[in-house]
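Chains as they are written, first to last, in the UniProt record's numbering: chain A, 1 to 178; chain B, 1 to 199. Built from N, CA and C at the ideal position, the CB exists for glycine as well. From a predicted model like this one, the values you see are computed outputs, not experimental measurements.
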Amino acid sequence: MNRLVAWVLAVGGFVGLIASSVLTIEKIALLKDPFYVPTCSINPVLSCGSIMKTAQAEVFGFPNPLLGIAGFAVVTTLGVLLVSGVSLPRWVWIGLQVGVTFGVLFVHWLIVQSLYEIGALCPYCMVVWAVMIPIFWYTTLRNIRPTFQYHSVVLILWYLVIVAGVLQAFWFYWSSLV
Amino acid sequence: MSKNARLSLIIVAVVAVVVAGFIFFSQNNNTTAAPKSADGKVTVVEYLDLECPSCRAAYPGVERLKTEYGDRVTFDVRHFPIPSHRNAELAAVAVEAAGAQGKRDDMFRLMFDTQQEWAGQQTSQQAVFLGFAQQLGLDQAAFEQALADPALRERVLAQRAEGSKAGVQGTPTFFINGTKFTGAPTYDALKAAIGKVLS
Chain A
1 MNRLVAWVLA
11 VGGFVGLIAS
21 SVLTIEKIAL
31 LKDPFYVPTC
41 SINPVLSCGS
51 IMKTAQAEVF
61 GFPNPLLGIA
71 GFAVVTTLGV
81 LLVSGVSLPR
91 WVWIGLQVGV
101 TFGVLFVHWL
111 IVQSLYEIGA
121 LCPYCMVVWA
131 VMIPIFWYTT
141 LRNIRPTFQY
151 HSVVLILWYL
161 VIVAGVLQAF
171 WFYWSSLV
Chain B
1 MSKNARLSLI
11 IVAVVAVVVA
21 GFIFFSQNNN
31 TTAAPKSADG
41 KVTVVEYLDL
51 ECPSCRAAYP
61 GVERLKTEYG
71 DRVTFDVRHF
81 PIPSHRNAEL
91 AAVAVEAAGA
101 QGKRDDMFRL
111 MFDTQQEWAG
121 QQTSQQAVFL
131 GFAQQLGLDQ
141 AAFEQALADP
151 ALRERVLAQR
161 AEGSKAGVQG
171 TPTFFINGTK
181 FTGAPTYDAL
191 KAAIGKVLS
């Protein structure tokens, strides 16, 4: 379990960091060009530009991806340390648990907002959803029940619930594809 | 292989089979017959979303074409409310509800003229639309009742379903005598396309 957590944190943190960076860069580009008009497509991905203009995109008064850059940088650093065999003190694990718990709750709130309030998807946001879940799940298992056997089964089911939500919420679009 | 890995693979395989089966069986006889005119006249059908800024941008050009070609060309507006526009469907219903009192075009114009005020909101703009009805001198009670009428909503959604079948992927989408118009729907481009069909 320890090796697994180390790799999940290192790889997941890095992917999350890249996605947060891209989102921040896009946000800056959007600020530079406020007259950018997104096309009105039924494709929930193509209306991406509009997601960044919503109130939910800056819950704490600044763009959300800035939180991601800070958080995922820490996760990546800890992951790399663990991969290279460093053992972290208990209080660091407690701190990480607090951080990833906040992260996973925040991401799920954003998922609900994206699917049911805003009605649009943004690809890099979905990358963040996808890495935040295993980061939280494996950190929690390591801290609470490292012997749990069916860890990836739970992860897959978790993903499936979210995929089902995305399918249901944008059914009108998906059904136009087939 | 561990029990965990085996069970994980089984779930992934089952889901893959279900999805593949679903796609396979839903590849139905999709009729992509575009709406055509019956009377031999040139017909321009526009699928639009009242909350869509690009539809708002195309609107003055279309209005101008209507005045220029009104006698030879039938212009038909169909609703295609995009789900991410939270008030587009209600706006479409409001236009039809005004239509029940003979003011469809007035409500339609009012919606576009004031789009900046009500579009892009995540909360219901019903109160704003009721205000529009008042402004147009409609019977308030009847209008409010029509807004909540499931039959009217069905009609709007039926137009959207029909458009989707005809290949509408975004708004505005124009069909000129049943042929999908491609390119930016500017006044000049639409005029050229209509002129070609007329000649």
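Of the listed residues the options, nearest to residue i (C-alpha basis)
{"i": "Leu198(B)", "options": "Ala13(B), Ile11(B), Met1(B), Thr43(B)", "result": "Thr43(B)"}
{"i": "residue 225(A)", "options": "Thr54(A), Gln149(A), Gly12(A)", "result": "A query on residue 225(A) cannot be resolved here, the shown segment of chain A reaching from 1 to 178 and no further."}
{"i": "Ile11(B)", "options": "Ala169(A), Gly165(A), Leu177(A), Val161(A)", "result": "Val161(A)"}
{"i": "Tyr187(B)", "options": "Arg56(B), Phe25(B), Pro81(B)", "result": "Arg56(B)"}
{"i": "Thr54(A)", "options": "Pro134(A), Phe136(A), Leu121(A)", "result": "Leu121(A)"}
{"i": "Ala148(B)", "options": "Glu89(B), Leu9(B), Thr171(B)", "result": "Glu89(B)"}
{"i": "Leu4(A)", "options": "Pro89(A), Leu82(A), Val74(A), Leu115(A)", "result": "Leu82(A)"}
{"i": "Arg6(B)", "options": "Tyr159(A), Tyr150(A), Ala29(A), Cys40(A)", "result": "Tyr150(A)"}
Separation of residue j from residue i, as counted between CA atoms
{"i": "Glu96(B)", "j": "Trp7(A)", "result": "58 Å"}
{"i": "Glu117(B)", "j": "Leu110(B)", "result": "11 Å"}
{"i": "Ser87(A)", "j": "Ala130(A)", "result": "26 Å"}
{"i": "residue 200(B)", "j": "Met107(B)", "result": "Residue 200(B) falls outside the range modelled here, since chain B spans only 1 to 199, and no answer is possible."}
{"i": "Met132(A)", "j": "Trp109(A)", "result": "13 Å"}
{"i": "Gln135(B)", "j": "Ala94(B)", "result": "13 Å"}
{"i": "Trp93(A)", "j": "Phe136(A)", "result": "12 Å"}
{"i": "Tyr173(A)", "j": "Pro44(A)", "result": "8 Å"}
{"i": "Ala192(B)", "j": "Asp113(B)", "result": "26 Å"}
{"i": "Phe14(A)", "j": "Leu23(A)", "result": "14 Å"}
{"i": "Leu177(A)", "j": "Phe170(A)", "result": "11 Å"}
{"i": "Val80(A)", "j": "Leu9(B)", "result": "28 Å"}
{"i": "Gln169(B)", "j": "Lys180(B)", "result": "11 Å"}
{"i": "Ala189(B)", "j": "Trp158(A)", "result": "49 Å"}
Interface flag, residue i vs chain B, CB-CB below 8 Å
{"i": "Glu26(A)", "result": "no"}
{"i": "Leu160(A)", "result": "yes"}
{"i": "Cys122(A)", "result": "no"}
{"i": "Gln149(A)", "result": "yes"}
{"i": "Val75(A)", "result": "no"}
{"i": "Cys40(A)", "result": "yes"}
{"i": "Gly119(A)", "result": "yes"}
Within 8 Å, strictly: CB atoms of residue i and residue j
{"i": "Tyr47(B)", "j": "Phe80(B)", "result": "yes"}
{"i": "Thr42(A)", "j": "Ile82(B)", "result": "The sequence given here has Ile at residue 42(A), not Thr. Taking 8 Å as the Cβ cut-off, Ile42(A) and Ile82(B) qualify as a contacting pair."}
{"i": "Glu63(B)", "j": "Ala91(B)", "result": "no"}
Chain A contact for residue i (CB, 8 Å cutoff)
{"i": "Thr31(B)", "result": "Low local confidence applies: a pLDDT of 49 at Thr31(B) is under 50, so the model's placement there is unreliable, and no value is given."}
{"i": "Arg109(B)", "result": "no"}
{"i": "Asp49(B)", "result": "yes"}
{"i": "residue 255(B)", "result": "The requested residue 255(B) is not part of the displayed model; chain B covers only 1 to 199."}
{"i": "Val15(B)", "result": "yes"}
{"i": "Gly21(B)", "result": "no"}
{"i": "Thr114(B)", "result": "no"}
{"i": "Gly183(B)", "result": "no"}
{"i": "Val12(B)", "result": "yes"}
* Flag this pair as touching only if the segment 157-164 of chain B and the segment 122-135 of chain B have three or more C-beta atom pairs under 8 Å; answer yes or no. => no
Are the segment 56-63 of chain A and the segment 69-79 of chain B in contact at 8 Å, needing three or more beta carbon pairs?
no
Q: Check whether the segment 152-168 of chain A touches the segment 92-103 of chain A, taking contact to mean three or more Cβ pairs, one atom from each stretch, closer than 8 Å.
A: no
Do the segment 137-148 of chain B and the segment 86-103 of chain B meet, that is, are 3 or more Cβ pairs less than 8 Å apart? yes
*asked:* So, does the segment 142-150 of chain A touch the segment 118-127 of chain A, judging by three or more C-beta pairs under 8 Å?
replied: no
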